[in-house]
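Asker: Below: one structure in structure tokens.
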Amino acid sequence: MITFGCQMNQHDSEMIGGLLEDAGYILTEHLEAADVILFNTCCVREHAEQRLYGRVSQLKALKAKKPELIVGVGGCVAQKEKAALTKRFSHVDLVFGTNALGGIADLLRRVENGERPVVSTPDVCASPEHRPPITLGRARISAWVSVMRGCDNYCSYCVVPYVRGPQRSRRPDEVVAEVRALAEGGVVEVTLLGQNVNSYGRDLHVDASFARLLEQLDAVVGITRIRFTTSHPKDISTDLMRAIRDLPKVCEHVHLPVQAGSTRILELMNRGYSSEEYLRIVERLRDLIPHISLTTDIIVGFPGETEEDFEQTRLMLEKVRFDGAYIFKYSSRSGTAAGSLDNRVDKSTIAARHRALLEFQKEVSLERLKSLLNTTQSVLAESHDAKRHGFLVGRTRGHRVARFCGGQEDIGREIEIRVCRLDGWTLVGEAAQHSSGQEPQG
Ligand code: SF4
Numbered sequence: 001m002i003t004f005g006c007q008m009n010q011h012d013s014e015m016i017g018g019l020l021e022d023a024g025y026i027l028t029e030h031l032e033a034a035d036v037i038l039f040n041t042c043c044v045r046e047h048a049e050q051r052l053y054g055r056v057s058q059l060k061a062l063k064a065k066k067p068e069l070i071v072g073v074g075g076c077v078a079q080k081e082k083a084a085l086t087k088r089f090s091h092v093d094l095v096f097g098t099n100a101l102g103g104i105a106d107l108l109r110r111v112e113n114g115e116r117p118v119v120s121t122p123d124v125c126a127s128p129e130h131r132p133p134i135t136l137g138r139a140r141i142s143a144w145v146s147v148m149r150g151c152d153n154y155c156s157y158c159v160v161p162y163v164r165g166p167q168r169s170r171r172p173d174e175v176v177a178e179v180r181a182l183a184e185g186g187v188v189e190v191t192l193l194g195q196n197v198n199s200y201g202r203d204l205h206v207d208a209s210f211a212r213l214l215e216q217l218d219a220v221v222g223i224t225r226i227r228f229t230t231s232h233p234k235d236i237s238t239d240l241m242r243a244i245r246d247l248p249k250v251c252e253h254v255h256l257p258v259q260a261g262s263t264r265i266l267e268l269m270n271r272g273y274s275s276e277e278y279l280r281i282v283e284r285l286r287d288l289i290p291h292i293s294l295t296t297d298i299i300v301g302f303p304g305e306t307e308e309d310f311e312q313t314r315l316m317l318e319k320v321r322f323d324g325a326y327i328f329k330y331s332s333r334s335g336t337a338a339g340s341l342d343n344r345v346d347k348s349t350i351a352a353r354h355r356a357l358l359e360f361q362k363e364v365s366l367e368r369l370k371s372l373l374n375t376t377q378s379v380l381a382e383s384h385d386a387k388r389h390g391f392l393v394g395r396t397r398g399h400r401v402a403r404f405c406g407g408q409e410d411i412g413r414e415i416e417i418r419v420c421r422l423d424g425w426t427l428v429g430e431a432a433q434h435s436s437g438q439e440p441q442g
């Protein structure tokens with residue numbers, strides 16, 4: 001399995017892997033050893049799509065040497081391009097769209113039985129969801145849980161509603177059952193996934209909201225941490241903010257993509273909030289949860305973005321002082337509303353603006369990280385540090401990477417650490433139970 005794109009795709013790949021393990025396939029890390037190579041793809045940005053095409057092309061030689069090899073392309077690009085993929089790449093045997101993932105084992109059987117190519121890109125999903133993701137043989141303490149699929153927002157630059165369809169929330173009892181099953185299997189941290197978790201439940205015929213779902217999941221025995229992504233600012237409710245504040249297992253970190261700081265550009269993006277409204281949301285969040293960690297996404301170079309618009313975005317970063325920001329260059333996607341706009345910003349201007357924001361935000365992110373020096377942080381010990389014997393790595397509730405002394409018995413546990421120093425972007429601390437009164441040297 002070769003995966004491109006977001007956490008939802010990573011999660012889907014785990015699910016595909018699990019379904020195929022159940023059907024008798026064995027996962028391999030080695031391309032040359034594989035009898036089946038499946039791509040799970042992303043088309044949010046042109047760059048990801050071009051990289052995919054490069055990787056698929058490279059397999060032509062392998063396929064020529066090994067004609068029985070099955071090459072499949074699935075997910076968002078498959079849903080968008082459909083049978084055109086098999087015309088462009090004659091060595092692709094299987095195309096499976098975002099609504100066909102659950103039927104992957106049957107589709108592969110058809111290919112194995114000689115039907116080539118097989119193209120399955122239905123507009124609606126036949127198998128509503130989802131079995132618990134499979135661990136693929138690894139013991140794990142964290143897992144993704146998809147709580148909804150699709151999106152109704154149609155932000156003007158975004159292809160997701162076209163390739164993943166309208167919003168479909170899973171029933172709360174189904175999500176709770178999956179999280180319980182994961183906890184029974186040793187998982188202590190779940191990250192709830194959805195294109196816009198803040199509108200979770202609106203499409204259900206039961207009384208459900210994301211804040212209530214968090215409440216139900218907070219009661220699941222064995223789970224110690226709950227994270228979620230992504231939150232659309234226009235749908236964030238006070239109930240949700242209170243849930244983050246009051247529910248002990250819900251981590252105080254919100255990824256809240258602002259995308260731009262100019263209200264004019266936000267309107268063109270069809271984001272549904274103004275710059276001032278976004279700032280008010282941040283203020284309310286910080287009033288209720290003063291130590292909340294806030295991260296965001298920014299797009300620079302949206303069609304028609306002027307110097308003044310760009311300056312508004314820089315000001316947004318300056319005012320909010322996010323803990324982190326993913327800053328992207330605008331990527332035009334055909335079929336979207338913005339894809340047909342012709343007042344494009346030229347590439348060198350986009351590159352310069354992108355660089356300027358990256359530099360600016362780097363300083364801010366570092367300053368935010370430094371503010372954690374000499375504080376006590378609760379870290380979920382995730383694994384051994386590959387480079388330093390006797391050290392563990394994990395994440396704080398605010399999603400910062402931390403390193404500290406510890407042993408196998410600590411993995412999966414919440415450890416209180418005192419942050420002593422920074423090593424690049426990693427917090428280095430001393431675990432309370434390993435306290436020697438000396439700063440760790442790792
Ligand atoms: S909320 Fe907007 S950016 Fe996010 S997936 Fe939906 S359409 Fe795309």
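Last residue of the sequence shown: number 442 in our numbering, and the count goes up by one each step with no gaps. Quick reminder that beta carbons are idealized off the backbone N, C-alpha and C, glycines included.
Determine the contact status of residue 255 and residue 224, defining contact as a CB-CB distance below 8 Å.
Answerer: Residue numbering aside, residue 255 sits at position 255 when the sequence shown is read from its first letter. Residue numbering aside, residue 224 sits at position 224 when the sequence shown is read from its first letter. No, they are not a contact pair.
Asker: Would you kindly work out how many angstroms separate the C-alpha atoms of residue 23 and residue 109, rounded to a whole number?
Answerer: The count along the sequence shown starts at 1 and reaches residue 23 at position 23. The count along the sequence shown starts at 1 and reaches residue 109 at position 109. Going by the C-alpha atoms only, they are around 10 Å apart.
Asker: Where do the ends of the beta strand (DSSP E) carrying residue 420 lie?
Answerer: Along the sequence shown, read from residue 1 onward, the residue named residue 420 stands at position 420. Residue 420 -> beta strand (DSSP E) spans 414–423.
Asker: Quick check on the burial criterion: 16 or more other C-beta atoms within 10 angstroms. Buried or exposed for residue 138?
Answerer: Reading the sequence shown from its first residue, position 138 is the one you call residue 138. In this prediction, residue 138 scores a pLDDT of 47, lower than 50, which makes its location untrustworthy; the coordinate-derived value is nonetheless stated afterwards. Counting Cβ neighbours within 10 Å, residue 138 comes out exposed, since fewer than 16 surround it.
Asker: Less than 7 Å between the CB of residue 448 and some heavy atom of ligand 1, yes or no?
Answerer: Outside the modelled stretch of the chain, which goes from 1 to 442, sits residue 448, for which no answer is possible.
Asker: With a threshold of 8 Å, are at least 3 pairs of Cβ atoms found where one atom belongs to the segment 260–272 and the other to the segment 294–311?
Answerer: Verdict: yes, contact present.
Asker: Just curious, the beta strand (DSSP E) that residue 381 is in, first and last residue?
Answerer: Residue numbering aside, residue 381 sits at position 381 when the sequence shown is read from its first letter. That run of the beta strand (DSSP E) goes 376–384.
Asker: Ligand 1 and residue 161: does the residue's C-beta get closer than 7 Å to at least one heavy atom of that ligand?
Answerer: Along the sequence shown, one-based indexing puts residue 161 at 161. Yes; taking the cut-off as 7 Å, the Cβ of residue 161 has a heavy atom of ligand 1 nearer than that.
Asker: What do you get for residue 195, buried or exposed, if any count of 16 or more other CB atoms within 10 angstroms of its CB means buried?
Answerer: Here residue 195 corresponds to residue number 195 of the sequence shown, with the count starting at 1. Counting Cβ neighbours within 10 Å, residue 195 comes out buried, since at least 16 surround it.
Asker: Helix, strand or coil: which one does DSSP assign to residue 354?
Answerer: Reading the sequence shown from its first residue, position 354 is the one you call residue 354. DSSP places residue 354 in helix when its eight states are reduced to three.
Asker: Please report the distance separating the alpha-carbon of residue 2 from that of residue 43.
Answerer: In the sequence shown, counting from the first residue as 1, residue 2 sits at position 2. In the sequence shown, counting from the first residue as 1, residue 43 sits at position 43. The alpha-carbon atoms of residue 2 and residue 43 are separated by roughly 15 Å.
Asker: Restricting to runs no shorter than 4 residues, where is the alpha helix (DSSP H) found entirely within the segment 212–239?
Answerer: None, since the segment 212–239 contains no complete alpha helix (DSSP H) of that length.
Asker: Out of curiosity, what's the CA-to-CA distance linking residue 135 and residue 14?
Answerer: For this step, residue 135 is matched to residue 135 along the sequence shown. For this step, residue 14 is matched to residue 14 along the sequence shown. Because residue 135 sits at a pLDDT of 46, beneath the cut-off of 50, its placement in the model cannot be relied upon, and the following sentence gives the value as read from the coordinates. Each residue's Cα considered, the two are about 8 Å apart.
Asker: Given a cut-off of 8 Å, decide if residue 188 and residue 222 are closer than it, judged by their beta-carbon atoms.
Answerer: The sequence position of residue 222 within the sequence shown is 222, counting from 1. The sequence position of residue 188 within the sequence shown is 188, counting from 1. Against a cut-off of 8 Å, the Cβ pair of residue 188 and residue 222 comes out as a contact.
Asker: Would you mind listing the beta strand (DSSP E) stretches within the segment 133–206 that are 3+ residues and don't spill past its ends, in chain order?
Answerer: List check, beta strand (DSSP E) in window: 142–146, 189–193.
Asker: Taking buried to mean at least 16 other C-beta atoms within 10 Å of its own C-beta, is residue 26 buried or exposed?
Answerer: On the sequence shown, position 26 is the one that residue 26 refers to. Label assigned to residue 26: exposed.
Asker: Return the chain-ordered list of same chain residues with a C-beta closer than 6 Å to the C-beta of residue 379, the five sequence neighbours on each side being excluded.
Answerer: Working through the sequence shown from its first residue, we reach residue 379 at position 379. Answer for residue 379: 394, 396, 402, 415, 417, listed in chain order.
Asker: Check residue 76 in the structure and name its three-state DSSP category.
Answerer: Looking up residue 76 in the sequence shown gives position 76. If DSSP states are grouped into helix, strand and coil, residue 76 belongs with the helices.
Asker: Less than 7 Å between C-beta atoms, sequence neighbours within five positions excluded: which residues of the same chain meet that for residue 455?
Answerer: For residue 455 there is no data in the structure shown, the boundaries of the chain being 1 and 442.
Asker: For the putative contact between residue 328 and residue 299, defined by C-beta atoms under 8 Å, what is the C-beta separation to the nearest angstrom?
Answerer: Start at 1 with the first residue of the sequence shown, and residue 328 comes out as number 328. Start at 1 with the first residue of the sequence shown, and residue 299 comes out as number 299. Confirmed, Cβ separation roughly 5 Å.
Asker: Exposed or buried, what is residue 130 when buried is set at 16 or more other beta-carbons lying within 10 Å of its beta-carbon?
Answerer: Position 130 of the sequence shown, counted from the first residue, corresponds to residue 130. Bear in mind that the predicted position of residue 130 carries a pLDDT of just 49, short of 50, making it too unreliable to give a figure here.
Asker: Measuring only the C-alpha atoms, how far is residue 178 from residue 227?
Answerer: The sequence position of residue 178 within the sequence shown is 178, counting from 1. The sequence position of residue 227 within the sequence shown is 227, counting from 1. Straight-line Cα distance between these residues: approximately 15 Å.
Asker: How about residue 11: is its C-beta nearer than 8 Å to some C-beta of chain C?
Answerer: Checking the listed chains, one finds no chain C in this structure; it contains a single protein chain.
Asker: Counting only the same chain and skipping the five closest in sequence on each side, list residues whose C-beta sits under 8 Å from that of residue 46.
Answerer: Taking the first residue of the sequence shown as 1, we reach residue 46 at position 46. The answer, listed in chain order, is 331, 332, 333.
Asker: Would you call residue 407 buried or exposed, if buried means 16 or more other Cβ atoms sit within 10 Å of its Cβ?
Answerer: Translated into the one-based positions of the sequence shown, residue 407 becomes position 407. Residue 407 comes out exposed.
Asker: Which one or two residues does DSSP pair with residue 340 in a beta bridge?
Answerer: Here the question's residue 340 lines up with position 340 in the sequence shown. DSSP output for residue 340 lists no bridge partner at all.
Asker: Got a sec: does ligand 1 put a non-hydrogen atom nearer than 7 Å to the Cβ of residue 151?
Answerer: On the sequence shown, position 151 is the one that residue 151 refers to. True, at least one ligand heavy atom lies under 7 Å from that Cβ.
Asker: Return the residue from the list 166, 146, 202, 95 that minimises the CA-CA distance to residue 182.
Answerer: For the purposes of this step, residue 182 is identified with residue 182 of the sequence shown, where counting begins at 1. Out of 166, 146, 202, 95, 146 has the C-alpha closest to the C-alpha of residue 182.
Asker: State the Cα-Cα distance for the pair residue 152 and residue 30, rounded to the nearest angstrom.
Answerer: Taking the sequence shown and counting its residues from 1, one reaches residue 152 at position 152. Taking the sequence shown and counting its residues from 1, one reaches residue 30 at position 30. Residue 152 and residue 30: Cα-Cα distance of roughly 39 Å.
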